[in-house]
Amino acid sequence: MSFWRKIAGLAARNLDEAECDVCPPGLPGEDPAFSTAVTALGAKLAKADGQAQASEYQVFSEVFHPDAGSEGNVRRLYQLARQTTRGFEGYARRLQKRYHACPQLLEDVVDGLFFIATSDGVVTTDELAYLSRVSELFGQSPLVFRRLKATHLGPEAGDPYAVLGVRHDASDAELRAAWRTMLSESHPDRARGRGLPTEFIEVAEAKAAAINAAFDTAMRERRALALQGVA
């Protein structure tokens, strides 16, 4: 299901209390400010790589699915907004202010923007910087953005979270539990206890070392973020 269809679903019902601590000023699908801000963010993302092709609106509309009554206004806003990336931070701040109590909704916005960015098969450095800045303005932690990025682009080489098989924004307790479980299952002593040949024990030792290194790396990164006050 696309991001915009999920938004349409939100408009048709009350927001889940688990997603929002406080009701927003209006349901997303019924809030013109929401539609305006996200349309502008999508349009300005198209300009972030230095180009803004007319065909990009087609990609945007496939994600957005504007209704027939508003399609003309959406197209005009998109064409105007895509002329420059300037001003995107204001739209991001506006969304954060209106929907800060609904972090999952703001994650869905970034998710939708990633979908648009990857639609041409190439995500440029400038587009990633744009997406990272939007995420930051939404108040999302670097770990949340890293998870969203990995969802669309795959984990980076040597990503410790991929090694441990957990979400980038998993709690410390979840991270530690995954480390302990994997280490227990891969511990060289198990191979020795089963009487396996030396080469199998060496493989187990290498795997255990990789698991320990991944856990240590992830925890160091988390401590660094905590010191910066952005964890």
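All the letters of the sequence shown, read from the start, carry residue numbers 5 to 235 under my numbering.
Using N, Cα and C, we set each Cβ at its ideal position, and we do this for glycine too.
Going by C-alpha to C-alpha distance, which of PHE118, SER188, GLY197 and PRO164 sits closest to ALA212?
SER188
Could you tell me the boundaries of the alpha helix (DSSP H) in which THR155 lies?
146 to 157
Does the stretch 152 to 170 come within contact of the stretch 83 to 92, defined as at least 3 CB pairs closer than 8 Å?
no
Does the separation of the CB atoms of ALA96 and ARG151 fall below 9 Å?
Contact: no.
If I follow the unbroken alpha helix (DSSP H) through SER188, where does it start and stop?
176 to 190
Does the beta-carbon distance from LEU117 to LEU49 come in below 9 Å?
In contact: LEU117 and LEU49 (Cβ atoms closer than 9 Å).
Considering only the beta carbon of each residue, do ALA222 and TYR165 sit closer than 9 Å?
yes
Buried or exposed: ASP193, going by 16 or more other Cβ atoms within 10 Å of its Cβ?
A residue is called buried once 16 or more other Cβ atoms fall within 10 Å of its Cβ, and ASP193, having fewer, is exposed.
Going straight from the alpha carbon of VAL26 to that of PRO107, what length do you get?
Because VAL26 carries a pLDDT of 45, less than 50, the predicted location of this residue cannot be relied on, and the following value inherits that uncertainty. Rounded to whole angstroms, VAL26 to PRO107 spans 11 Å at the Cα level.
Any chance you could list the alpha helix (DSSP H) runs of at least 4 consecutive residues sitting entirely within the stretch 78 to 156, in chain order?
92 to 103, 107 to 121 and 129 to 141
At which residues does the alpha helix (DSSP H) containing ALA41 begin and terminate?
Membership of ALA41 in the alpha helix (DSSP H) is indicated by the continuous run 36 to 51.
Within 9 Å, strictly: CB atoms of GLU93 and LEU147:
no
With distances taken Cα to Cα, identify the nearest neighbour of ARG226 among ARG180, THR155, ASP35 and THR128.
For the options ARG180, THR155, ASP35 and THR128, the alpha carbon positioned closest to that of ARG226 is the one of ARG180.
Within its chain, find whatever has a CB closer than 7 Å to the CB of VAL167; leave out the 5 residues flanking it on each side and keep chain order.
Excluding positions up to five away in sequence, the list reads ALA214, ILE215 and ALA218.
Mark THR88 as exposed unless 16 or more other C-beta atoms lie within 10 angstroms of its C-beta, in which case mark it buried.
exposed
Helix, strand or coil at CYS27 according to DSSP, with G and I counted as helix
Interpretation of CYS27 is limited by its pLDDT of 48, a score under 50 that renders its predicted location unreliable; the figure taken from the coordinates is listed afterwards. Under the three-state reduction of DSSP, CYS27 is assigned to coil, being neither helix nor strand.
With DSSP as the reference, label ARG171 as helix, strand or coil.
coil
Are the CB atoms of LEU99 and VAL42 nearer to each other than 9 Å?
yes
Which whole-angstrom value is the C-beta distance of ALA37 and ARG102, which I expect to be below 8 Å?
6 Å
Report, in whole angstroms, the separation of the C-beta atoms of SER190 and ALA208, which I expect to be a contact under 8 Å.
6 Å
To the nearest angstrom, how far is it from the Cα of TRP183 to the Cα of ASP124?
37 Å
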